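Read top to bottom, the protein sequences are chains X and W.
Here the first sequence is numbered in numbering that gives the first Met the number 0, starting from 0 and rising by one per residue.
Here the second sequence is numbered in numbering that gives the first Met the number 0, starting from 0 and rising by one per residue.
Beta carbons are placed, not taken as given, at the ideal position from N, Cα and C, and that holds for glycine.
Quantities reported herein were computed from a predicted structural model and do not represent experimental measurements.
Some notes on the structure that comes next.
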Amino acid sequence: MLVVEGLRAAYGRIEVLHGIDIEIHSGEIVTVVGANGAGKTTLLKTIVGAQPVAGGTITFRGENISAVPGFRRLARGLALSPEGRQIFTNLSVEENLRLGAYLYTDTRVDKDMDDAFAMFPVLREKRNLNAGGLSGGQQQMLAIARALMGRPSCLLLDEPSMGLAPLLVAQIFEVVKSLKALGVTVLLVEQNAFGALSVADRGYVMETGMIVLSGTGRELIENPRIRESYLGL
Amino acid sequence: MMSDFLQFAVSGVTVGAVYALIALGFTLIYNASDVVNFAQGEFVMLGGMGTVFALQAGLPLPLAALIAVMGTAMIGIAFNKLAIERARNAPIVSLIIITIGASIFLQGVVQVVFGKGIHRLPAFSGDEPLRLLGATITPQSLWVIGGALVVFAALYLFFTRTITGLAVLATANNRFAARLAGIDTDFMMTLSFGVSAAIGALAGVLISPITLTSYQVGVPLALKGFAAAMLGGMGNPKGALVGGVLLGVLEAMTAGYLSSHYKDAVAFIVILVLLSVKPQGLFGLRTVNRV
Ligand SMILES: Nc1ncnc2c1ncn2[C@@H]1O[C@H](COP(=O)(O)OP(=O)(O)OP(=O)(O)O)[C@@H](O)[C@H]1O
Ligand SMILES: [Mg+2]
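Okay, here's the thing in structure tokens:
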């Protein structure tokens, strides 16, 4: 479904992705783990077109989308729930969700919003409140729900568990697992390597802009090198 | 006594309605791009001057006004495309300087093409004043106040009832997230410049029968509109309305009860005092971000 080949990206003259190759099949949950500054966020931003491609290609559902403007990629089925949530803080919870479905005007928008509220009931309670006033965990739920409102076939999640209490982290990972049943393919980036690899079908390990290891979620969790560097075991 | 007060209030609200429209133009562009557009006053000038010359060319007034407003909207769009969009990554200060440059450029072009003359538009519904509780009000004042009300109501509906309006607000709030949601943020900026220029031009058309127009009227109006926007809180349409009317009334009262020499000074002193107490203006947005 999503094939990234030899992908390079740079901030000014400093290259931070040095030829990334990853592949995600339809219906999979794939995780990318890696330390701070490895380039995980840059990888996701490049895939959704928020960061220009400096080399290599991104192929999505058989088409090279490397040159497609970022704002047109959601229509093709690619959504990102970004690092740091990036919700619309001046707008209400409901307006945030409505904007997630900006591309659509049909009746499914209302149904999708109901589904989002069923997934995260606390958002229904706060639907008319300013999203900037939500707690960190609630903002994270809103960011994921807003991305789902765009009806993605492939959802990219950037550190959805960051800064959340353990109970919430578990809830977020449950949601990720449940996306599979909805037919959404997931690319999950996490520093919480254990949680992410546990829910993933496959995973990649990224270090300083390169993929250094890949395998099934189980293989990676059992890999001694990973256990030492990323799982602290 | 009472009729004096009413008379000052009427003229204050009339001028204030124009300030409010100019402040609204500032606000729309500021929200879309973080840029304080000091060429806003030139849009007002272009609206008035454009109508004057379309009228001289033999067009009927409504058509002349329409052409002037649409033409100014085009100029606003071209200004965004040719200058602001290209310098997007420059610091905001540079962008603001670009708007000052555009202001000088537009004045220069109008001066060369249309000359330095001072022009008057005929009042839309004659000059016969109406009486109201001992004060008089010209029909043109009613046009100005009514025009401003219609613009504010239309914009209110646009932002609260349409998905495109919501997308403009989203673009102002978080451009990165707006693009992720599939919003063409460049188009939203173009739209904001176009609408802002059209509103400025409309203000120019409405006020020219009262204040006359020339290539030079833009800068002082931009300063007043900017002051009104600051007073109400930059970035908030409601603030533009309240700030504009307040500034107009303040000026009119000062001119009426003190002297017209002091009207600018008093207005600016009030603004300075208010902003030192409430730096974000009366209705300034303060974002609450919790992590
Ligand atoms: N906007 C930027 N400008 C310049 N350099 C940047 C920018 N964003 C990230 N970088 C650099 O690019 C590299 C990769 O950053 P990136 O944010 O992609 O890493 P990450 O794996 O997501 O890290 P984290 O786990 O902390 O989120 C880092 O060295 C970082 O300092
Ligand atoms: Mg990151």
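Contact with chain X is absent for R85(W), since none of that chain's Cβ atoms lies less than 8 Å from the residue's Cβ. For N35(X), the distance from the CB to the nearest heavy atom of ligand 1 is below 7 Å.
Ranking E189(X), E27(X), I57(X) and N129(X) by CA distance to the CA of S91(X) puts N129(X) first. Residue range M209 to T215 is occupied by the beta strand (DSSP E) that includes S213(X). Between G181(W) and L73(X), the C-beta spacing is below 8 Å. A distance below 8 Å separates the beta carbons of I21(W) and Q39(W). Not a single CB atom of chain W sits nearer than 8 Å to the CB of Q50(X). Inclusion of K39(X) in the 7 Å shell around ligand 2 follows from its C-beta lying nearer than that to a non-hydrogen atom of the ligand. When secondary structure is reduced to three states using DSSP, Y155(W) falls in the helix class. The C-alpha of K237(W) lies about 44 Å from the C-alpha of E173(X). In this model, S93(W) and F42(W) are separated by some 20 Å (Cα to Cα).
A200(W) and I76(W) have their C-alpha atoms roughly 13 Å apart. The segment 219-232 of chain W makes no contact with the segment 127-146 of chain W, as fewer than three CB pairs between them are under 8 Å. In this structure A144(X) is in contact with L122(X), their Cβ atoms being roughly 6 Å apart against a cut-off of 8 Å. In the structure shown, the three-state DSSP call for M44(W) is helix. With 16 or more other CB atoms across the displayed protein chains lying within 10 angstroms of its CB, N235(W) is buried. Residues G164, L165, V167, L168 and P236 of the same chain have their beta carbon placed closer than 8 Å to that of F158(W), with the five preceding and five following residues left out of the count. Sequence-distant partners of I220(X) (beyond 5 residues in either direction) whose C-beta falls short of 8 Å from its own C-beta, in its chain, are F193, L196, S197, R226 and L230. In the structure shown, the three-state DSSP call for D157(X) is strand.
Straight through space, the alpha carbons of S10(W) and L54(W) are spaced by roughly 27 Å. Residue pairing by DSSP puts F59(X) in a beta bridge opposite L1(X) and E62(X). Residue pairing for H118(W): DSSP places it in a beta bridge opposite T212(W). The segment 88-107 of chain X and the segment 140-159 of chain X touch, with three or more beta-carbon pairs separated by less than 8 Å. DSSP places L129(W) in the uninterrupted beta strand (DSSP E) bounded by L129 to L131.
Counting only Cβ-Cβ distances below 8 Å, A266(W) has no contacts in chain X at all, with the closest Cβ about 30 Å away.
Close to chain X, meaning a Cβ-Cβ distance shorter than 8 Å, are the following residues of the segment 172-197 of chain W: N172, N173, F175, A176, A177, R178, L179, A180, G181, I182, D183 and T184. Inclusion of G202(X) and T88(X) in the CB contact set at 8 Å is not warranted, their separation being larger than that value.
Ranked by Cα distance from F104(W), the first of T184(W), A196(W), I268(W) and Y214(W) is Y214(W). Proximity of A144(X) to chain W, defined by a Cβ-Cβ separation below 8 Å, is not satisfied. For E124(X), the shortest C-beta to heavy atom distance toward ligand 2 is 7 Å or greater. If the five residues before and after E4(X) are omitted, its C-beta is found closer than 6 Å to the C-beta atoms of D20, G55 and T56, all from its own chain and listed in chain order.
Under the Cβ criterion of 8 Å, I162(W) is counted among the residues facing chain X. For A9(X), the three-state secondary structure derived from DSSP is strand.
Look at I86(X) here: in three-state DSSP terms it is coil, with no helix or strand label.
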